[in-house]
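In my numbering, the protein residues as written are 1 to 209. Reviewing the structure listed below.
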Amino acid sequence: MEGAGIVMERPVLIGICGGIGSGKSVVSRMLREMGYEVYDCDSEARRLMESSGEIKHRICTEISAEVTDGHSIPDRKLLGEIVFADEAKRQLLNSIVHGAVRADLQLWTASRTGNHAPIFVEAAVLAESGLAELCDAIWQVVTPTAERVARVIERDGCTAADAQRRIASQVREAELLKAHRSSIVEILNDADHSLLRQVTEGLDKLSIV
């Protein structure tokens with residue numbers, strides 16, 4: 001019987017990106033409620049950071065011994081404050097974590113081979129991490145800066161200056177995304193546009209609604 005050599009196609013992988021406070025997690029939540037699978041790089045990175053002794057060791061020795069004892073990372077808030085205030089350390093942390101996340105995403109995607117519905121990956125730094133190269137298309141959530149600042153302040157309890165510094169730290173990501181402009185669909189998350197309608201239209205263009 002023939003068929004043993006059939007290669008199952010992997011599902012379409014769509015990247016969801018956007019700067020801090022843009023609302024990309026809201027888009028991901030909508031997709032999950034519709035029944036789609038979304039790989040959340042932020043939560044998966046936290047899982048990998050807790051489970052990988054190598055990652056914790058490198059954070060302890062190369063970034064700050066204050067945020068980890070080598071067994072766990074009890075002070076994530078401090079880690080965030082350190083890397084957002086120091087661009088070199090932010091890039092170092094990203095380089096430590098990105099490789100592990102990329103490998104884990106590839107395993108996750110491969111495990112869904114044969115699925116007909118698209119799958120999604122949410123990442124704040126889709127291009128800088130190299131994950132954009134794995135995506136068939138990219139949905140970029142765009143929000144006015146003033147709204148982003150207000151959201152970050154409300155969510156994290158930080159100052160406006162801290163929020164603006166975090167936003168500014170992601171300028172490199174915006175520049176790198178330009179290389180993928182032909183595959184990017186912008187989703188406007190503001191008071192003048194329906195987020196649900198744009199998500200539905202995006203799915204419709206994939207011919208799977």
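The beta carbon of each residue, even a glycine, is placed where N, CA and C say it ideally should be. Since we're looking at a predicted model, the values are computed, not measured.
Alpha-carbon spacing of Thr200 relative to Glu186, whole angstroms: Rounded to whole angstroms, the separation of the alpha carbons of Glu186 and Thr200 is 13 Å.
Those residues which DSSP pairs with Phe120 across a bridge: According to DSSP, which records beta bridges pairwise, Phe120 is partnered with Ile14, Val38.
For Glu147 and Lys24, believed in contact at Cβ under 8 Å, the rounded distance: Separation of the CB atoms of Lys24 and Glu147 is rounded to 13 Å, and the pair is thereby denied contact status at 8 Å.
Cβ contact check for the region 10-24 and the region 46-62: 3 or more pairs under 8 Å: Short answer: they don't touch.
Residues near Leu105 by beta carbon distance below 8 Å, same chain, minus five either side: Tyr39, Cys41, Glu44, Val121, Leu131, Leu134
Selected residue, minimal CA-CA separation from Ala150, among Asp162, Gln140, Glu87: Asp162
At least 3 beta-carbon pairs within less than 8 Å: the region 57-67 vs the region 89-108: Flag = yes, the region 57-67 and the region 89-108 touch.
Pairwise C-alpha distance: Leu13 and Ser111: The alpha-carbon of Ser111 is positioned some 13 Å away from that of Leu13.
Per-residue burial, Ala103 [other beta carbons within 10 Å of its own, 16 or more giving buried]: exposed
Residue closest to Gln170, alpha-carbon to alpha-carbon, out of Leu195, Arg155, Val83: Comparing alpha carbon positions, the residue from Leu195, Arg155, Val83 closest to Gln170 is Val83.
Integer Cβ distance of Ser183 from Ala137, believed to fall under 8 Å: 5 Å
Backbone CA spacing between His193 and Arg181 [nearest angstrom]: 21 Å
3-residue-minimum beta strand (DSSP E) runs that sit fully inside the region 83-159, ordered along the chain: 119-122, 137-142
Beta-carbon spacing of Ile167, Ala100 below 8 Å: no
CB-CB length for Leu78 against Glu66, believed under 8 Å: 6 Å
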